[in-house]
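K.L.:
Okay, so the sequence shown: first residue is 0 according to numbering that gives the first Met the number 0, each after it adds one.
A virtual CB, placed ideally from N, CA and C, is assigned to each residue, including glycine.
Note that the coordinates shown come from a computational prediction; the quantities given were computed from them, not determined experimentally.
My questions will all concern the structure given below.
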Amino acid sequence: MPVWLVCSMALALLLSAAAWGAERLLQRRGRTTRWLWLAAIAASVLLPLAWLPGVLAAMPAEQAQLKLGWFVLSTGMLLILALRSVWLLSHQRRWQKSTLLGTPVFLSGGIGPCVAGLLRPRIVMPVWLRLILPPQQALLLAHEQCRLAARDPLLLAVAYALIILMPWNLPLWWQLHRLRFAIEVDCDARMLAHGHALRDYAIVLRQHGQYYSGLTGASPIVLSDPLALRRRRQIMGRFTRDQAANLL
Numbered sequence: 000m001p002v003w004l005v006c007s008m009a010l011a012l013l014l015s016a017a018a019w020g021a022e023r024l025l026q027r028r029g030r031t032t033r034w035l036w037l038a039a040i041a042a043s044v045l046l047p048l049a050w051l052p053g054v055l056a057a058m059p060a061e062q063a064q065l066k067l068g069w070f071v072l073s074t075g076m077l078l079i080l081a082l083r084s085v086w087l088l089s090h091q092r093r094w095q096k097s098t099l100l101g102t103p104v105f106l107s108g109g110i111g112p113c114v115a116g117l118l119r120p121r122i123v124m125p126v127w128l129r130l131i132l133p134p135q136q137a138l139l140l141a142h143e144q145c146r147l148a149a150r151d152p153l154l155l156a157v158a159y160a161l162i163i164l165m166p167w168n169l170p171l172w173w174q175l176h177r178l179r180f181a182i183e184v185d186c187d188a189r190m191l192a193h194g195h196a197l198r199d200y201a202i203v204l205r206q207h208g209q210y211y212s213g214l215t216g217a218s219p220i221v222l223s224d225p226l227a228l229r230r231r232r233q234i235m236g237r238f239t240r241d242q243a244a245n246l247l
C-alpha cells in the first residue's frame with residue numbers, strides 16, 4: 000500500500016502540473032477554468048480508488064494501521080465540516096431578512112459578502128455594507144449574484160466531498176486552492192461581461208476584497224490574500240469584453 004500512496008500523490012502532482020498549464024492557456028483565451036480544476040481533483044481521487052480494492056486485498060496484515068490512519072483523517076475532516084455546519088446554523092438565526100437595492104439578502108453582523116448555504120444558497124451581506132456608497136454596494140451585490148448564478152457553493156461542496164475520500168493526498172489541497180482562485184477569476188470575468196467597469200470593480204476589490212468570503216454548505220473560505228487580489232486584477236486587465244463574454 001505505501002507504493003500505492005506514493006503513486007496516488009505522484010498522479011495528483013502530474014494532473015496539477017497539466018491543469019496549471021491548461022489554466023494559463025484557457026485564461027489567455029478568456030475561457031472558464033474552474034471546471035478544469037474540479038476535473039483535476041476528481042481524476043486525482045477517482046483514478047487511484049479504482050485500483051484500491053486490489054491493493055487492500057494484497058496488503059499485509061502488519062500494514063493495517065495505514066487503513067486506520069486513513070479512516071481517522073477522513074473522519075476528522077468530515078467532523079470539521081459538520082462543526083462548521085453547526086457554526087453556520089447558529090449564525091443564521093441572527094441574520095436579518097432585508098433587501099439591498101431591491102434584491103433580497105440576509106444581513107449579518109460580520110459574515111459576508113458571500114453566498115451561504117448549499118441546498119438553499121442565499122446572499123449574505125454584512126451590516127457595514129450600508130455605510131459605503133450605493134455604486135459600490137451594487138458591485139458587491141452583483142459579484143455575489145454571479146456566484147449564486149454559477150452555483151459556486153455546489154461546486155466547492157463537490158470538491159470537498161472528493162477530498163474527504165483522500166485527505167492525506169497533499170496535492171489535492173493545492174488543487175482546491177487553485178479551484179477557489181479560479182472560481183473568483185471566472186466571477187471577475189462574468190462581472191466584466193455584464194458591463195461593469197474594470198476600474199470601478201478593481202477599486203471595490205482593493206477596498207473591500209479583504210472581507211470577501213464564501214460558504215459552501217458550511218465550510219467558510221476567505222480569499223483575502225493581497226497577492227491573489229493583485230493577480231486577479233492583472234488577469235482582468237488582459238480580458239476584453241468579448242473574451243469575458245465567453246464565460247457567461
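I need the boundaries of the beta strand (DSSP E) containing Thr-74, first residue and last residue.
P.N.:
Thr-74 -> not in any beta strand (DSSP E); alpha helix (DSSP H) instead, spanning 63–91.
K.L.:
Quick check: the Cα distance between Trp-173 and Phe-70, rounded to an integer number of angstroms?
P.N.:
21 Å
K.L.:
Just the Cα atoms here: how many angstroms apart are Arg-205 and Pro-125?
P.N.:
17 Å
K.L.:
For the alpha helix (DSSP H) containing Arg-205, name the first residue and the last one.
P.N.:
197–207
K.L.:
Assuming Met-235 contacts Val-44 under a Cβ cut-off of 8 Å, what Cβ separation, rounded to an integer in Å, is found between them?
P.N.:
Not confirmed; about 32 Å, so no contact.
K.L.:
Which partner residues does Gln-95 have in the DSSP bridge list?
P.N.:
In the DSSP output, where bridge partners are listed per residue, Gln-95 has Leu-106.
K.L.:
Let me check you understand the geometry: is the CB of Val-104 closer than 6 Å to at least one non-hydrogen atom of the ligand GTP?
P.N.:
The ligand content of the structure shown is nil, which means the ligand GTP is not present either.
K.L.:
Leaving out five residues on either side along the sequence, give the residues of the same chain with a beta carbon under 7 Å from the beta carbon of Met-76.
P.N.:
Ile-163 and Pro-166
K.L.:
Measuring straight from C-alpha to C-alpha, what distance separates Leu-155 and Leu-132?
P.N.:
31 Å
K.L.:
Touch check for the stretch 135–144 and the stretch 98–118: three-plus C-beta pairs under 8 Å?
P.N.:
yes
K.L.:
Quick check on this structure: which residue in Ala-227, Pro-120 and Leu-35 has the alpha carbon closest to the alpha carbon of Gly-20?
P.N.:
Leu-35
K.L.:
If you reduce the DSSP assignment to three classes, tell me which class Arg-146 lands in.
P.N.:
helix
K.L.:
List the endpoints of the continuous beta strand (DSSP E) containing Pro-112.
P.N.:
Note, Pro-112: premise wrong, no beta strand (DSSP E); not H, not E.
K.L.:
By Cβ distance below 6 Å, which residues in the same chain neighbour Gly-216 in space, the five residues on each side in sequence not counted?
P.N.:
Unreliable placement is indicated for Gly-216, whose pLDDT of 40 sits below 50; no coordinate value is reported for it.
K.L.:
In whole angstroms, what separates the C-alpha of Ala-158 from that of Asp-199?
P.N.:
32 Å
K.L.:
Would you list the residues sitting across from Val-123 in a DSSP beta bridge?
P.N.:
Phe-105 and Cys-113
K.L.:
Report the option in Ala-201, Val-85 and Leu-178 whose CA atom is closest to the CA atom of Ala-39.
P.N.:
Leu-178
K.L.:
Mind checking whether Leu-24 and Thr-32 have CB atoms under 7 Å apart?
P.N.:
no
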